[in-house]
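Working notes, structure below.
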Amino acid sequence: MNTRLLTICLFAVCCYTAGAQCLFIPSTSTEAGILSYDFSGGSFQKYGCTQIDPTYWISGNGKSVTITFVQPTSYPCLRVWGMNTDDTASIHVNGENYPLTASTGSYDKKTLCGTSPGTEGVVFVNGKLVGANSPSLGNYSFQDVQLNAENVASITLTGLSGSGWGFAGVVVKCPKRNEDERKKSDVDPTK
209 MNTRLLTICL FAVCCYTAGA QCLFIPSTST EAGILSYDFS GGSFQKYGCT QIDPTYWISG
269 NGKSVTITFV QPTSYPCLRV WGMNTDDTAS IHVNGENYPL TASTGSYDKK TLCGTSPGTE
329 GVVFVNGKLV GANSPSLGNY SFQDVQLNAE NVASITLTGL SGSGWGFAGV VVKCPKRNED
389 ERKKSDVDPT K
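So the sequence shown is numbered by the working numbering: it starts at 209 and just counts up by one.
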């Protein structure tokens, strides 16, 4: 009887763990148990996306955020919002340049906060993260950009050009998107 109860309890714990949700840590968080943020040059602003406001606003060249994990993590996501075609950013993982391609990263469906024409909010261009909408059209949406990297101790996200966009935070404890999920994400017309 005790063995059966123990087996049932272990099964329940495994099922609960398998269904664990991703954890979003806002850029405004002071939760030092998982990660810390180091901001340089930008400022916190509210630009009309109540689900994630305020975000760390990055414009022009050189403003950045460095995320340092207490314990290395795998497949983290960066939540960015409001990137237009003039906004470009580079990513470094563990101090090394991390070019974004279909094999090194992916992004999920964009979440709307207002006007955001088209199916994408961001795209990967020449290894960089770039907004998908022209500044005249606007982009009131945010997306999670997942890095297909393991044992990530730090990430630095640096603005290279543009009028400005927001860094909302990091998502951890998510499974890696498989190739089919990435392909579906790339062609899903409901984005």
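Virtual Cβ for every residue (Gly too), placed ideally from N, Cα, C.
Through-space distance from residue j to residue i, alpha-carbon basis
| i | j | result |
| --- | --- | --- |
| serine 324 | glycine 370 | 17 Å |
| glutamate 328 | valine 278 | 32 Å |
| alanine 407 | serine 298 | No answer is possible for residue 407: it lies beyond the span of the chain, which begins at 209 and ends at 399. |
| glutamine 259 | phenylalanine 247 | 21 Å |
| isoleucine 242 | serine 235 | 13 Å |
| serine 344 | valine 360 | 36 Å |
| glycine 268 | alanine 376 | 18 Å |
| serine 244 | serine 237 | 8 Å |
| asparagine 356 | valine 301 | 11 Å |
| tyrosine 264 | glutamate 304 | 23 Å |
| arginine 287 | isoleucine 233 | 10 Å |
| serine 314 | glycine 270 | 24 Å |
| glutamine 229 | proline 262 | 23 Å |
| valine 378 | threonine 276 | 11 Å |
Proximity winner among the options, relative to residue i (alpha-carbon distances)
| i | options | result |
| --- | --- | --- |
| serine 362 | Thr274, Gly256 and Ile266 | Thr274 |
| glycine 335 | Pro234, Pro280, Tyr283 and Thr312 | Thr312 |
| glycine 250 | Thr366, Pro383 and Pro234 | Thr366 |
| isoleucine 266 | Thr276, Cys257 and Gln253 | Gln253 |
| cysteine 382 | Ser282, Ser235 and Trp289 | Ser282 |
| lysine 317 | Thr276, Ala340, Thr364 and Pro307 | Ala340 |
| cysteine 321 | Cys230, Met291, Tyr348 and Thr296 | Tyr348 |
| leucine 368 | Phe350, Gly346, Tyr315 and Met291 | Met291 |
| threonine 293 | Ser237, Ala357 and Val330 | Val330 |
| serine 342 | Ser272, Gly326 and His300 | Gly326 |
| glycine 346 | Gly372, Ala357 and Phe232 | Gly372 |
| phenylalanine 332 | Phe350, Gln351, Leu308 and Asp352 | Leu308 |
| tyrosine 306 | Trp289, Thr319 and Leu337 | Leu337 |
| tryptophan 289 | Ser272, Pro280 and Thr319 | Thr319 |
Burial state of residue i, where buried means 16 or more other Cβ atoms lie within 10 Å
| i | result |
| --- | --- |
| glutamine 354 | buried |
| alanine 240 | exposed |
| glycine 374 | buried |
| arginine 385 | buried |
| glycine 256 | exposed |
| threonine 364 | buried |
| glutamine 351 | buried |
| threonine 296 | buried |
| proline 284 | buried |
| leucine 231 | exposed |
Bridge partners - residue i, DSSP secondary structure assignment
| i | result |
| --- | --- |
| proline 234 | Gly377 |
| glycine 367 | Ala297 |
| valine 338 | Thr296 and Val331 |
| arginine 287 | Asp352 and Gly377 |
| serine 272 | Ser248 and Thr366 |
| glutamine 253 | Thr263 |
| tyrosine 239 | Before going further, note that residue 239 is glutamate rather than tyrosine in the sequence given. Looking at the DSSP assignment, glutamate 239 forms no beta bridge with any residue, so it has no partner. |
| glycine 372 | In the DSSP output, where bridge partners are listed per residue, glycine 372 has none listed. |
| leucine 308 | Gly335 |
| threonine 319 | Phe350 |
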